[in-house]
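*Asks:*
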Amino acid sequence: MTDAPVLKITDLTVRVPAATRTDSGHGDLTLVDRVSLTIARGERVALVGESGSGKSMTAKAVLRLDPTVELSGSVRVAGQEVVGAPERRLRQLRGSTVSMVFQDPMTALNPVLTIGDQVAEPLVIRGVGRRAARRQAVEMLDRLGVPSAATRLGAYPHEFSGGMRQRVVMAAALIAGPQLLIADEPTTALDVRVQEQVLDLLEEQSRELGLAVLLITHDLAIVAGLAHRVAVMRHGRIVEDRPVDDLFRSPEHAYTRGLLASIPSVDADPNVRLQTVEDVMRADAAASVPPALVSGAILEEARR
Numbered sequence: 001m002t003d004a005p006v007l008k009i010t011d012l013t014v015r016v017p018a019a020t021r022t023d024s025g026h027g028d029l030t031l032v033d034r035v036s037l038t039i040a041r042g043e044r045v046a047l048v049g050e051s052g053s054g055k056s057m058t059a060k061a062v063l064r065l066d067p068t069v070e071l072s073g074s075v076r077v078a079g080q081e082v083v084g085a086p087e088r089r090l091r092q093l094r095g096s097t098v099s100m101v102f103q104d105p106m107t108a109l110n111p112v113l114t115i116g117d118q119v120a121e122p123l124v125i126r127g128v129g130r131r132a133a134r135r136q137a138v139e140m141l142d143r144l145g146v147p148s149a150a151t152r153l154g155a156y157p158h159e160f161s162g163g164m165r166q167r168v169v170m171a172a173a174l175i176a177g178p179q180l181l182i183a184d185e186p187t188t189a190l191d192v193r194v195q196e197q198v199l200d201l202l203e204e205q206s207r208e209l210g211l212a213v214l215l216i217t218h219d220l221a222i223v224a225g226l227a228h229r230v231a232v233m234r235h236g237r238i239v240e241d242r243p244v245d246d247l248f249r250s251p252e253h254a255y256t257r258g259l260l261a262s263i264p265s266v267d268a269d270p271n272v273r274l275q276t277v278e279d280v281m282r283a284d285a286a287a288s289v290p291p292a293l294v295s296g297a298i299l300e301e302a303r304r
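In structure tokens:
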């Protein structure tokens, strides 16, 4: 792709200053350590790793959502620098250039505001008239598969199922026409069928709109059919960043192999204990020759 990347992160470091730490430690606490990542227009990249690996902190840094941390390095969104940018410029970027879908749609939506008001809000705060904004909200909800959208604008979040609430959150994130969508664990607390629908929706919108997508997840199994590329994060660092097929078929880092080995298989012997990430990493460290690479069968099963 010859276009400049929609997102270009270079040597990003996120620290909690010693003065604002709430734990018993001393000195600055580094949460994200010299991370570099690029995403092109229409490209879908999954950032995966265990809880606490730094995935969500990296995502929040793109939008500067956490005022308690210090950032260094560079984060450029559509060519505009985020690190050190004034709040006025950040407000212009949020929503219209980059949007975020959070993991729990019930807490992401305001329970006392109607669905119509929340989906239309990104347009209203940019000067679009309320009537026009609500008309566009209906069109966006229709496009995302919310039934009877026009008649449900006055409904409240608790009147929608989990899957429908996530569609509403996505509608609010997409209505201002961003170039980059960050989806932070968007399938958490959803059943398997609804997870599939949400992921299909992400892929469909990315393909139709040329939308760049950064998917944050701890579950490698859900990214096989969605992502073009996978970046694996551990202890605040990216340890592997490769095309999705290459990563599933021949993971290079022991941590990646551990994540793949811990994916349950329908063909597995129920009497055999499932390997943990730590099991694989200990075996890798003890072996003089790296263990056999993961076969393409795992990739195919993850895509079922």
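First residue of the sequence shown: 1, per full-length UniProt numbering; consecutive thereafter. Glycine included, C-beta positions come from ideal geometry on N, C-alpha and C.
(1) Is there contact between the segment 203–220 and the segment 24–31, where contact requires at least three CB pairs shorter than 8 Å?
(2) Using only the alpha-carbon positions, how far apart do T256 and R126 sit?
(3) With a Cβ-Cβ cutoff of 9 Å, do L259 and E50 count as a contact?
(4) Find the nearest neighbour of V14 within the set A40, L7, A4, S56, judged by alpha-carbon distance.
(5) Mapping the DSSP letters down to three states, classify T276 as helix, strand or coil.
(6) Reducing DSSP to helix, strand and coil, say where D104 ends up.
(7) If we count the other Cβ atoms within 10 Å of its Cβ and call it buried at 16 or more, is R88 buried or exposed?
(8) Please say whether L47 and T217 have beta carbons closer to each other than 9 Å?
(9) Closest to R41 by C-alpha separation, out of Q205, D245, I238, E196, would be which residue?
(10) May I ask which residues mark the beginning and end of the alpha helix (DSSP H) holding T256?
(11) Output the boundary residues of the alpha helix (DSSP H) element that contains D117.
(12) Between which residues of its own chain and L190 is the CB-CB distance below 8 Å, once the five residues before and five after are set aside?
(13) Measuring straight from C-alpha to C-alpha, what distance separates L201 and V168?
(14) So H228 packs on V45, CB below 8 Å; how close in whole Å?
(15) Does the segment 268–281 come close enough to the segment 241–257 to have 3 or more Cβ pairs within less than 8 Å?
(16) Quickly, what does DSSP pair E70 with across the bridge? List them, please.
(17) Under the rule that 16 or more other beta-carbon atoms within 10 Å means buried, what is L274, buried or exposed?
(18) Kindly list the residues whose CB is nearer than 6 Å to the CB of G95, restricted to its own chain and excluding five residues on each side of it in sequence; keep chain order.
(19) Can you pull the DSSP bridge partners for L181?
(20) Among D66, A4, V32, whose alpha-carbon lies nearest the alpha-carbon of T38?
(21) Measure the C-alpha to C-alpha separation of V194 and A261 and round it to an integer number of angstroms.
(22) Is E81 helix, strand or coil by DSSP?
(23) Cβ of S99 within 9 Å of Cβ of A149?
(24) Round the Cβ separation of L7 and V62 to the nearest angstrom and send it over; I've been treating them as touching at under 8 Å.
(25) Closest to G52 by C-alpha separation, out of P67, L180, V32, would be which residue?
*Replies:* Taking the coordinates as given:
(1) no
(2) When the Cα atoms are used, T256 and R126 turn out to be separated by approximately 43 Å.
(3) In this structure, L259 places its C-beta atom within 9 Å of the C-beta atom of E50.
(4) S56
(5) coil
(6) coil
(7) exposed
(8) yes
(9) With distances taken between Cα atoms, R41 lies closest to Q205.
(10) 254–261
(11) 115–124
(12) G162, G163, Q166, V198
(13) 12 Å
(14) 7 Å
(15) yes
(16) R15.
(17) exposed
(18) P122, A176
(19) S99, V213
(20) A4
(21) When rounded, the distance between both Cα atoms is 25 Å.
(22) strand
(23) no
(24) The Cβ separation is near 7 Å, so the contact holds.
(25) Measuring from the Cα of G52, the nearest candidate turns out to be V32.
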